[in-house]
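Visitor:
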Amino acid sequence: MDFISTHLLTTILFFPVLAALIILFIPGDQIKAIRWTALLSSLVPLGLSVWLWLSFSAGTAGFQFEEQYLWYEAIHSTFHVGVDGLSLTMVLLTTLLTPLAILASFNITDRVKPYMMLFLFLEMGMLGVFMALDLLIFFVFWEIGLVPMYFLINQWGSANRNYASLKFMIYTMGGSLGLLLAIQLLGVLFQTYDLQELTRLWNALPADAVILGLSVSTVKAVAFWAFVIAFAIKVPVWPFHTWLPDAHTEAPTAGSMLLAGVLLKLGAYGFLRLVLPLYPAQSAQFAGALAFLAVMAIIFGAFGSFGQTDFKRLVAYSSINHMGFVLLGIAAAAKAVGTLDATIALDGAVLQMFNHGLSAAGMFFLVGVIYERTHTRDLNKLGGLFPLVPVYGTILVFTSMASLGLPTLNGFVSEFMVVRGSFAILPVYTALAMIGLLMTGAYILKGIKQVLHGPLNEHWAHGEHKLTDINLREIIVMAPLMVLILVIGLWPMWILDVINKAMTMLF
Amino acid sequence: MTTETLIWLLPLPPLLAFFLIVLFTNKNKALSHSIAVGAALLSFAGSMVVFFRAVGAEHFGEHPFTSFVNWLPTGDTFLKIGVLIDPLSAVTLFFVAWTILMIFIYSVGYHNFGQPQGDHDHKGLPPHGATVADAHGHQHTVLSVEPMYSRFFAFIGLFAFGMYTLVISDNLLTLFVGWEVMGLCSYLLIGFWFAKPSARAAGIKAFMTTRVGDVFMLLGIAFLYSATGTLTFREIFTVETLHVLATTITPVFGLSAAGLIALLLFIGTIGKSAQWPLHIWLPDAMEGPTPVSAMIHAATMVSAGVYAVLRMFPLLTADFHGHNLTPTMSVVAFIGTFTAIFAATIALAQNDIKKVLAYSTISQLGFMIAALGMGAYIAAAFHLVTHAFFKALLFLGSGSVIHGMEHGVLHTGNHHIDPQDMLNMGGLRKKMPITFWTFLIGGFALSGFPLVTAGFWSKDEILADAFAHGHWTILATLSIAALMTAFYTMRQITLTFFGEPRTKEAEHAHETPWTMTLPLAFLSVFAVGFGWVGIPEHFPGIGGLLPNWFHHFVGGTLLEHPEAVEFSPIPLIISLVVALGGLALGWLVYKDFKAGQPDPLQKPFGPLYGFLQNKWYFDEFYAFFVIQPVIWISEVFTNAMDRGFIDGVLHSFGKVALWIGDLFRNKFDKPFINEFLGDGTAAIFQKAGHELRYTQTGRIQSYLIVSASFLIVLVAVLAYLFLA
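Note that the protein sequences, when read in sequence, are chains A and B.
Just so you know, the first sequence maps onto residues 1019 to 1525 in my numbering.
Just so you know, the second sequence maps onto residues 69 to 792 in my numbering.
(1) Can the beta-carbon of N492 of chain B be found closer than 8 Å to that of A574 of chain B?
(2) Could you work out which residues of chain B lie near M1452 of chain A, taking near to mean beta carbons separated by less than 9 Å?
(3) Just mark S398 of chain B as buried or exposed, buried being the case when its beta carbon has 16 or more other beta carbons within 10 Å.
(4) For T506 of chain B, count the other beta carbons within 10 Å of its own beta carbon; 16 or more makes it buried, fewer makes it exposed. Which is it?
(5) What's the gap between the Cα of I168 of chain B and the Cα of A448 of chain B?
(6) Tell me the DSSP secondary structure of K148 of chain B in three-state form.
(7) Would you call G281 of chain B buried or exposed, if buried means 16 or more other Cβ atoms sit within 10 Å of its Cβ?
(8) Please check the pair F1324 of chain A and M1457 of chain A, which I expect to be a contact at CB under 8 Å, by giving their CB distance rounded to whole angstroms.
(9) Out of A:E1084, A:A1038 and A:A1076, which has the shortest C-alpha to C-alpha gap to A1607 of chain A?
(10) Under 6 Å Cβ to Cβ from L88 of chain B, same chain only, skipping five residues before and after it: list those, please.
(11) Give every residue of the same chain whose Cβ lies closer than 8 Å to the Cβ of T1417 of chain A, excluding the five residues on either side of it in the sequence, and list them in chain order.
(12) Determine, for V1495 of chain A, whether the minimum Cβ-Cβ distance to residues of chain B falls below 8 Å.
(13) Give the interface partners of V1437 of chain A over in chain E, defined as CB-CB distance under 8 Å, in chain order.
(14) Given 8 Å as the limit, is there contact between the region 1363-1372 of chain A and the region 1398-1415 of chain A, that is, 3 or more CB pairs closer than that?
(15) Taking Cβ positions, are G1429 of chain A and A1420 of chain A nearer each other than 8 Å?
(16) How about L1151 of chain A and H1094 of chain A: do their beta carbons lie closer than 8 Å?
(17) Could you tell me the distance, in whole angstroms, from the CA atom of L256 of chain B to the CA atom of T277 of chain B?
(18) Helix, strand or coil: which one does DSSP assign to G1100 of chain A?
(19) What is the rounded straight-line gap between the Cα of Y375 of chain B and the Cα of A274 of chain B?
(20) Identify whether F1083 of chain A lies in helix, strand or coil by the three-state DSSP scheme.
(21) Is the distance from the Cβ of T580 of chain B to the Cβ of S466 of chain B below 8 Å?
(22) Can you name the residues of chain B whose CB is closer than 9 Å to the CB of D1487 of chain A?
(23) According to DSSP, simplified to helix, strand and coil, what is F321 of chain B?
(24) Just to confirm my understanding: we take V1313 of chain A, look at its own chain, exclude 5 residues before and 5 after, and list those with CB closer than 8 Å. What are they?
(25) Going by DSSP, what residue range makes up the beta strand (DSSP E) through P59 of chain B?
(26) Please work out which residues of its chain come closer than 6 Å, Cβ to Cβ, to V1344 of chain A, disregarding the five sequence neighbours upstream and downstream, and give them in chain order.
(27) Within the chosen definition, does the region 448-463 of chain B reach the region 424-432 of chain B through at least 3 CB pairs nearer than 8 Å?
(28) Name the chain B residues that come within less than 7 Å of L1325 of chain A, Cβ to Cβ?
(29) Give me the Cβ distance between S636 of chain B and A536 of chain B, rounded to the nearest whole Å; I'm assuming they're in contact under 8 Å.
(30) Is there a C-beta anywhere in chain A that falls below 8 Å from the one on W139 of chain B?
(31) What span of residues does the beta strand (DSSP E) with Q207 of chain B cover, start to end?
(32) In chain order, what residues of the same chain have a beta carbon less than 6 Å from the beta carbon of R1438 of chain A, not counting five sequence neighbours either side?
(33) What residue does the beta strand (DSSP E) around V200 of chain B start on, and which one ends it?
(34) Considering only their Cβ atoms, is the gap separating I317 of chain B from S324 of chain B smaller than 8 Å?
(35) What does M276 of chain B touch in chain A if you count any residue whose Cβ is under 9 Å from its own?
(36) Relative to chain A, which residues along the region 295-318 of chain B have a C-beta separation below 9 Å, given in chain order?
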């Protein structure tokens, strides 16, 4: 127990790997045992994260639960992890969604063993990014996360999975190239990869210093964009978003849940953890450009979503729309760091990351539930299903409303804060974003209209195609998400307090 | 319990009822409606306690009931939310509590509780009737119970939660929360019979149209919050804050910050209160379960829009000095006045009993908005309350009429008869006496029938205000609108209740059960009596007999108690003429209307009649200029952009990479590395080996010759090197 409390972060981080190793030794035909081992062992990091959350002191500046080990001495990289309010929120989101995704995968019967192991590896990769305080470690985990997701899409995906997985992999890796180079530059320059050290040294560089024969401002601007593009692809920001609808649509249900729920947050997290602290001047300088991209994502994400006839693609595009608000908040904060408006915008952005994790995971799961029964995602082939699946319908309407940003549910709180914060800093862009907010209503209602409402498509009412309502396991997957959606919508204080204090101290 | 605690608790019972019904009791109809009605009753009782404590309090305007908690942490401070009952919200609470309770009770009867299950009823479609056999073995078709009975009560519970939240809010944020929750409920209730494509479309239309207003409102809230650092009404409406807002000039049309914020918030009201040009959703909202949802949308929720403007009145008038209207006020006044007359013209030519009321609602809300635009705070608030009562009465009455007609339709079995079409009615006063008398009271109140009805006093006050401040255009327009109101109301009453039944179905119409008529009776009391609390002091004859309580009480909400306008006989005469004239005209034109005739107005109006009947073609206009382009942008443009352009560029990267790879493979790797270097080297060795094979003769003599020759050469070379 003592070991765990002193090594809390590494325990959370590597427990999934341990679980994966245990699963490795379970015979592949023991599907039930594999599933339950995966589920129960993924509850351990969740439990530990809740413990972490409770023992975290929100009012203390800097990182907590830090651990540092020798790792790659020759190039001065150490295995350094720690959390502050920002990463803590994301760790909680990850450890919460992973068990739900695993439970959602209980219907998988094909090669269950590698499937579950990949999920656990994926969890480790994502957690590592959120915990890393060393740039090289950050990058390692950043890339590790790609591999399991690639295989999940490629092996368990639907028809067009080869294209989608390749696009996802190559696109993200292509973005990471610049990131790797920029990280190397920093490492070579300062002989350390430690994030806090680097931030201090890098910002303390005199303005007339010369690096590689170039002025500091040029180098910083180039490195800034290298970081930004890597993270923008991951978020994804318009116009780097086209991998997302493909990857989400082809991925297995649980894969989409984590992809939308957590993987997209890695990009936004990169902006907050690295871009803003390392490049305050460049961020402020290019805030307008970032805001422009954010607003384009908000507007075109919404229009794109409205234009889909595939239910899963519709939800996938909605992620672009929602993550646009995260970037809008970040852009606004970048422009006016340190002001109250910026803090509110950042609070909103971080909360939006968490909220989108809940509602997007829920939406993708619900799409999966209907897909599993009907084997179609074509909205024109569904319709009028509400009387057949009343419980599913109620849950779908609820989750859709969270996604729409209905007040009393979580999405509203974060969107309101982003709009409030960025309106004071970037009024025109914020006003334009309202077009996207309007269209959010349009595509959400379109989804409900085409699936639940309207004349019943008799095909699903009788015989072998008769639709069955959502089952208990599936309700259990949705229940924690719905409870959190409602709780954050009504009483956001418990989570916003942590975020707000972190944002006040960070920026 | 302190009053403040009680206020916090007011919205909770209906919310609990919602969750209880959805999660647990939805299979049990009786339990579900008992929970819902019980919850409404609890909130009602609490509201009455709060209301009467408020009325009894001294200097209530300055010392209202308030209480707050910290809700959102923002930097070092918090955004507070809380409750506030001041005079304005107290009277609003009064009518909201009454109308909501009445709706809940009425719904029990309207959805045919106690009737058998329908023969072919489906969830998502209105009930079609059930066949029962009586004691003599005769088959009868009777009304059947709503298949989604419990769900309806859950929804109206959530709706009540939204409305109570809105009214008790002390800040714009929770006001907006209630506002949006009601928006959701209106979507769910309009589209309650979701299997009907028309109902489904109407629900979406309502949600999306009001959302247009809502996003502007959200911007206004964000602006106000960043400009003042608070959203609490009583912190914003201080002299200093208002002064700052009024003197800050924004780059938008040169408006002051106060003016711009008020304008943005007002656009929200345009959506919610169905003002032109966002009025289009309300008539379609009549797709919902006939009277109840109609009433929610027409009597209660839409009042929220006007209430919001009343709440924000100090902001709206922050840079108003009593002479010229500010630009924002002019906009408000224009929208209200135009809507009042515009909707009245459409109401003239509608034959659906509910559509007439829907347009009349839009028109009456226009009266209130126009009053606010002129700065007539009390008049607007007064009309808001009286209108809520008599319009609720009328809608519930129309539902009762339709219910009676449906009875007739089931009796004759002729389902081609539209039970909502007034042309199919006639003579119902004898069949449905309670409905008739109460509807008559409501209709007269709407028309402003002098002295006895509430509508007269409140409408007269608006006209008096317009007159006193010299807004002649507004006065003239509103007077004509009021004339039309009286006319179409009398047309409605005459067509529905007077004359002889024009169809067999109307002959077999039947009075509705007590759960429906009792609410009508209660509401008629207020449709008459509520006017008496606001009679101007100097009104000839009866002024001063009763104190002008409404003015004194609600006026206390504002920092500066508004002056009552001076009494003048001219607006009074106008009021009398338009009300009585309109009623008389309506009666004269329609009293002899016979089945199968065209509408008497059709001939004199000519093509204009079709224009009015088609609602000025606004739906068609929006479909062509707004909805089509949006669909076009979404489907063509985004797919073309994402799949065509962006992915095209990405794929071209892929192609370039493939091309480079191909180049390396086929132009370098294969010919140079593989064939030249790789295979070439091997070939050389092979060839060499092949050639050299001949030296491997296996004869010792040959090897010795070769070795000896090498040795000689080696010695020669070494000798040369070292000796030289």
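A virtual CB, placed ideally from N, CA and C, is assigned to each residue, including glycine.
Please read all numbers here as calculations on a predicted model, not as lab measurements.
Guide: This is what the structure gives:
(1) A contact, by the Cβ cut-off of 8 Å.
(2) Residues of chain B passing the Cβ test: V283, F284, L286 and L287.
(3) It counts as exposed.
(4) Buried, since its Cβ has 16 or more Cβ neighbours within 10 Å.
(5) I168 of chain B and A448 of chain B: Cα-Cα distance of roughly 21 Å.
(6) DSSP places K148 of chain B in strand when its eight states are reduced to three.
(7) Result: buried.
(8) About 6 Å separates the two Cβ atoms, so the contact holds.
(9) This structure cannot speak to residue 1607 of chain A, because chain A is shown only from 1019 to 1525.
(10) Hits under 6 Å: I103.
(11) Excluding five sequence positions before and after T1417 of chain A, the CB atoms of its chain that fall closer than 8 Å to its own CB belong to S1377, G1380, M1381, L1384, M1496, L1499, M1500 and I1503, given in chain order.
(12) Not closer than 8 Å to any Cβ of chain B, the Cβ of V1495 of chain A fails to qualify, so no.
(13) Protein chains in the displayed structure are A and B, and chain E is not among them.
(14) Note that the region 1363-1372 of chain A does not touch the region 1398-1415 of chain A; fewer than 3 beta-carbon pairs, one per stretch, sit closer than 8 Å.
(15) Against a cut-off of 8 Å, the Cβ pair of A1420 of chain A and G1429 of chain A comes out as a contact.
(16) Cβ atoms of L1151 of chain A and H1094 of chain A: not closer than 8 Å.
(17) If you draw a straight line from the Cα of L256 of chain B to the Cα of T277 of chain B, it comes to about 15 Å.
(18) G1100 of chain A falls in the strand class under three-state DSSP.
(19) So the alpha carbons of these two residues sit roughly 19 Å apart.
(20) The three-state reading of DSSP puts F1083 of chain A in strand, counting E and B together.
(21) Contact flag unset, no.
(22) For the C-beta of D1487 of chain A, not a single chain B residue is nearer than 9 Å; the gap to the nearest is close to 13 Å.
(23) In the structure shown, F321 of chain B falls within a coil segment according to DSSP collapsed to helix, strand and coil.
(24) Apart from the 5 residues on each side of it in sequence, V1313 of chain A sits with its Cβ closer than 8 Å to the Cβ of G1342, L1346, Y1447, L1450, A1451 and G1454 in its chain, given in chain order.
(25) Within the shown structure, residues of chain B are numbered from 69 to 792, placing residue 59 of chain B beyond reach of any answer.
(26) Result list for V1344 of chain A: A1286, A1367, Q1370 and M1371, in chain order.
(27) Taking 8 Å as the limit for Cβ pairs, the verdict is that the region 424-432 of chain B does touch the region 448-463 of chain B.
(28) It should be noted that the sequence gives Gly, not Leu, for residue 1325 of chain A. Near G1325 of chain A (Cβ distances below 7 Å), the residues of chain B are S702, E703, T706 and N707.
(29) A Cβ-Cβ separation of about 7 Å places S636 of chain B in contact with A536 of chain B under the 8 Å criterion.
(30) Chain A contact via Cβ: present.
(31) Q207 to V210 is the extent of the beta strand (DSSP E) around Q207 of chain B.
(32) These residues qualify, in order along the chain: I1362.
(33) Here the beta strand (DSSP E) through V200 of chain B covers A198 to A201.
(34) Their beta carbons are under 8 Å apart, which means S324 of chain B touches I317 of chain B by this criterion.
(35) Simply L1456, G1459, A1460 and L1463.
(36) With the criterion set as a beta carbon lying under 9 Å from some beta carbon of chain A, the members of the region 295-318 of chain B are A295 and G297, in sequence order.
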